[in-house]
Amino acid sequence: MHDIKWIRNNAAMFDQAMERRKLSGVADKAIELDKARRDHVAKLQELQTQRNNASKAIGKAKASGDEAVAQAAIAKVADIKKAIQQGEETERNLTETLNNYLAQLPNIMSDDVPDGADEDENIEMHKVGEPKIFDFEAKQHFDLGEALGQMDFETAAKMSGSRFVILSKDLARLERALANFMLDLHTDEYGREEVVVPLLVNANALEGTGQLPKFEEDMFKTTDGKYLISTSEVSLTNLVRETVLQENELPKRYTSYSNCFRSEAGSAGRDTRGMIRQHQFTKVEMVSITHPDKSEEEQMLMLESAELVLKRLGLAYRVVRLCSGDIGFSSKRTFDLEVWLPGQNMYREISSVSTCGDFQARRMGARFKTSAGKTNFVHTLNGSGLAIGRTMVAILENYQTKDGDIEIPEVLHSYMGGKKVIKAIK
RNA sequence: GGAGAGGUGGCCGAGUGGUCGAAGGCGCACGCCUGGAAAGCGUGUAGGCGGUUUUCCCGUCUCGUGGGUUCGAAUCCCAUCCUCUCCUCCA
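Converting from the first sequence to this note's numbering requires adding 425 to each position, the first position being numbered 1.
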């Protein structure tokens with residue numbers, strides 16, 4: 426949520442920023458709504474002043490037993506009452522209109538976000554590792570998983586429909602191994618606090634992080650008005666909702682392993698096969714709450730952690746800087762990690778590391794108190810570290826053998842009970 | 001799910017229609033006292049919005065949240081959220 430005061434004072438700059446998001450005339454519109462509201466509030470307050478003064482006089486008159494004076498005064502202010510009631514309702518409407526307008530405006534992007542229409546214009550920062558070359562034709566993960574008899578889309582479809590999967594045996598354990606491996610890395614080596622979060626949240630929480638009001642169709646909603654989280658970024662970031670932290674409590678670094686639920690409303694037909702795009706998946710998420718001066722370096726630290734997961738797993742990947750056309754609603758700047766998938770013969774997104782500046786903090790009322798005693802909004806960051814399903818896809822495709830075995834990356838051996846390879850069925 | 005109780009400032013807690021944004025206490029800040037500290041004494045101590053263009057002042061709103069009644073609401077009414085107790089159910 427943007428600060429209307431700031432928009433008022435920096436209209437041109439704000440418009441420029443929104444232009445990059447393909448929105449025009451935003452500042453004028455916001456200022457117009459704000460002006461209408463403020464003009465109205467000024468009038469309303471004038472009426473309230475009259476009423477308050479009159480009421481005080483009535484109180485005094487009654488206290489001194491001067492009933493006649495009191496009655497006269499009451500008669501005099503009676504008609505102000507109606508005007509105030511109407512005025513209050515109008516104020517509510519004007520405020521709501523302004524807030525609704527502001528709530529659907531995306532964050533201002535950082536200057537270093539490149540212009541671009543879509544993901545094709547993202548900028549590659551660096552590559553790590555070489556895409557694996559096989560002396561046989563690399564299979565896609567779903568062929569490998571189904572051949573192992575440990576990845577079952579058909580049975581899942583019977584009970585849940587499309588975009589669900591059932592993992593069993595070694596692949597089920599691999600899910601757990603990956604989660605543990607990632608959580609251990611983030612907690613033990615980076616000091617992030619592990620959290621188990623609610624998967625069902627109310628609309629306020631989602632408005633705080635920016636999934637609402639614009640992207641309701643992406644969410645699953647329960648009959649009692651709650652929503653399944655699309656990422657535990659929502660729950661983790663909302664940990665500091667409506668709080669005032671002490672400056673020395675910053676940064677707060679959280680990590681969580683959770684299920685995520687997405688309706689994938691806009692992606693019918695995309696990635697219909699396999700585990701790449703599911704209605705339900707798991708993810709280890711990182712969220713940081715920082716001092717405004719520290720969010721830049723925090724994003725680099727978060728990126729480093731996510732990269733380290735891929736490095737330890739021996740997976741080739743590249744880091745891209747998202748362009749203006751691909752960056753998310755709440756983000757100021759996003760780096761995506763794309764892992765190499767031999768079966769698909771391309772890089773696919775496996776993590777996204779974003780800084781939101783104070784955008785989410787404003788929406789949530791997440792603040793901190795400076796040593797000088799001032800309260801100020803914190804900065805929030807989030808990043809996947811990593812999406813488990815897609816990591817499994819990457820392992821299957823990168824560690825497949827000609828016979829259809831899956832070698833298990835060394836760092837996972839201990840998490841897999843010493844198992845080093847998942848053998849194909851002969 | 002049923003019955004009841006309750007949500008007041010950083011914290012505790014008083015306040016059932018009239019100068020209540022709110023007694024008192026704790027905490028905190030400053031000052032006095034002290035060799036220094038504690039104790040004691042004194043003073044001060046919420047936030048949002050708008051105006052003023054400011055280290056001052058004015059208005060307004062805020063006693064879980066949202067409505068309503070009233071000239072006037074922390075106080076009355078309705079709705080809603082949350083917390084606690086008992087019962088029921090349950091992993």
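Backbone N, C-alpha and C fix where the C-beta goes; we use that ideal spot for every residue, glycine too.
Endpoints, alpha helix (DSSP H) assigned at residue i
{"i": "Leu-603", "result": "594-609"}
{"i": "Thr-662", "result": "658-662"}
{"i": "Thr-612", "result": "Note, Thr-612: premise wrong, no alpha helix (DSSP H); not H, not E."}
{"i": "Met-727", "result": "720-737"}
{"i": "Glu-835", "result": "Unbroken run through Glu-835: none, as it is neither H nor E."}
{"i": "Asp-761", "result": "Premise fails: Asp-761 lies in the beta strand (DSSP E), 758-766, not in any alpha helix (DSSP H)."}
{"i": "Tyr-824", "result": "Taken as a continuous stretch (DSSP letters only), Tyr-824 belongs to no alpha helix (DSSP H), as it is neither H nor E."}
{"i": "Arg-433", "result": "429-434"}
{"i": "Gly-633", "result": "628-634"}
Helix, strand or coil at residue i according to DSSP, with G and I counted as helix
{"i": "Gln-575", "result": "coil"}
{"i": "His-566", "result": "helix"}
{"i": "Glu-555", "result": "coil"}
{"i": "Gln-473", "result": "helix"}
{"i": "Ala-791", "result": "strand"}
{"i": "Tyr-840", "result": "helix"}
{"i": "Gln-703", "result": "coil"}
{"i": "Ser-585", "result": "helix"}
{"i": "Asn-532", "result": "coil"}
{"i": "Glu-710", "result": "strand"}
{"i": "Ile-505", "result": "helix"}
{"i": "Val-621", "result": "coil"}
{"i": "Leu-653", "result": "strand"}
{"i": "Val-846", "result": "strand"}
{"i": "Asn-478", "result": "helix"}
{"i": "Lys-646", "result": "strand"}
{"i": "Asn-524", "result": "helix"}
{"i": "Ile-483", "result": "helix"}
N-terminal and C-terminal residue of the beta strand (DSSP E) that residue i is part of
{"i": "Asn-684", "result": "677-686"}
{"i": "His-804", "result": "804-812"}
{"i": "Glu-774", "result": "771-780"}
{"i": "Val-669", "result": "668-671"}
{"i": "Arg-743", "result": "742-746"}
Integer Cβ distance of residue i from residue j, believed to fall under 8 Å
{"i": "Gly-814", "j": "Met-711", "result": "Actually they are not in contact, since the Cβ atoms of Gly-814 and Met-711 sit about 17 Å apart, beyond 8 Å."}
{"i": "Ala-497", "j": "Ala-482", "result": "That belief does not hold up - the Cβ atoms of Ala-497 and Ala-482 are roughly 10 Å apart, past 8 Å."}
{"i": "Val-590", "j": "Gln-769", "result": "Not quite, the Cβ-Cβ distance comes to about 17 Å (not below 8 Å), so this is no contact."}
{"i": "Leu-738", "j": "Leu-569", "result": "About 17 Å; that fails the 8 Å criterion."}
{"i": "Phe-760", "j": "Val-744", "result": "6 Å"}
{"i": "Ser-657", "j": "Val-622", "result": "5 Å"}
{"i": "Ser-756", "j": "Ser-779", "result": "4 Å"}
Cβ-heavy atom distance, residue i to the ligand GTP, below 7 Å
{"i": "Arg-678", "result": "Absence of the ligand GTP is noted for the structure shown, with no ligands found whatsoever."}
request  = Take every Cβ of the segment 470-477, pair it with every Cβ of the segment 544-564, and state whether three or more of those distances are shorter than 8 Å.
outcome  = no
key: Contact the segment 513-528 vs the segment 437-447: 3+ CB pairs below 8 Å   = no
task = Inspect the CB distances between the segment 832-847 and the segment 719-729 and report whether three or more fall short of 8 Å.
result = no
query = Counting Cβ pairs, one atom from each stretch, are 3 or more of them under 8 Å apart for the segment 652-671 and the segment 784-795?
reply = yes
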